[in-house]
Amino acid sequence: MKRRKFTSKFKTKVVLEALKERNSLSELAQKYELSPAQISSWKKSFLANSEAIFEQKKPQISESEAERDRLLKAIGELK
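Each residue of the sequence shown is one higher than the last, beginning at -2 in my numbering.
Below is the structure:
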């Protein structure tokens, strides 16, 4: 039997429904033809990684941008 692959969009949809708790995991599993254990696994993974959404990441500066900034600073010091 071939393993099914699910998109991250589909997994998110299922997990969000599970988090709303309007239906049991068994009902959701039946609705989407999944096992309750699969939904639980996705839910656990989602919750474990959800903090990353709110972490601010500093944009990485390329080497050429860093060099440009350094040169502009040097020019400013010469004035």
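Just so it is clear, CB atoms sit at the ideal spot from N, CA and C, and this is done for glycine as well.
- Message: Excluding the 5 residues flanking Q35 on each side, which residues of the same chain have their C-beta closer than 8 Å to its C-beta?
- Response: Here residue 35 refers to the residue found at position 38 when the sequence shown is read from its first residue. Result list for Q35: A26, in chain order.
- Query: What is the C-beta distance between L22 and S37, in whole angstroms, given that I count them as a contact (C-beta under 8 Å)?
  - Reply: For the purposes of this step, residue 22 is taken as residue 25 along the sequence shown, with counting starting at 1. For the purposes of this step, residue 37 is taken as residue 40 along the sequence shown, with counting starting at 1. Between S37 and L22 the Cβ distance is about 6 Å, and since that is below 8 Å, they are a contact.
- Task: Tell me whether the beta-carbon of K17 lies closer than 9 Å to the beta-carbon of W39.
- Result: For the purposes of this step, residue 17 is taken as residue 20 along the sequence shown, with counting starting at 1. For the purposes of this step, residue 39 is taken as residue 42 along the sequence shown, with counting starting at 1. The answer is no: Cβ separation not under 9 Å.
- Would a C-beta distance cut-off of 9 Å place V12 and L31 closer than the cut-off? The residue labelled residue 12 in the question sits at position 15 within the sequence shown. The residue labelled residue 31 in the question sits at position 34 within the sequence shown. It is not a contact, given that the beta carbons lie outside the stated cut-off.
- Task: In the DSSP assignment, find the alpha helix (DSSP H) that holds K70 and state where it starts and stops.
- Result: Within the sequence shown, numbered from 1, the residue matching residue 70 stands at position 73. Counting along the chain, the alpha helix (DSSP H) containing K70 begins and ends at 60 to 75.
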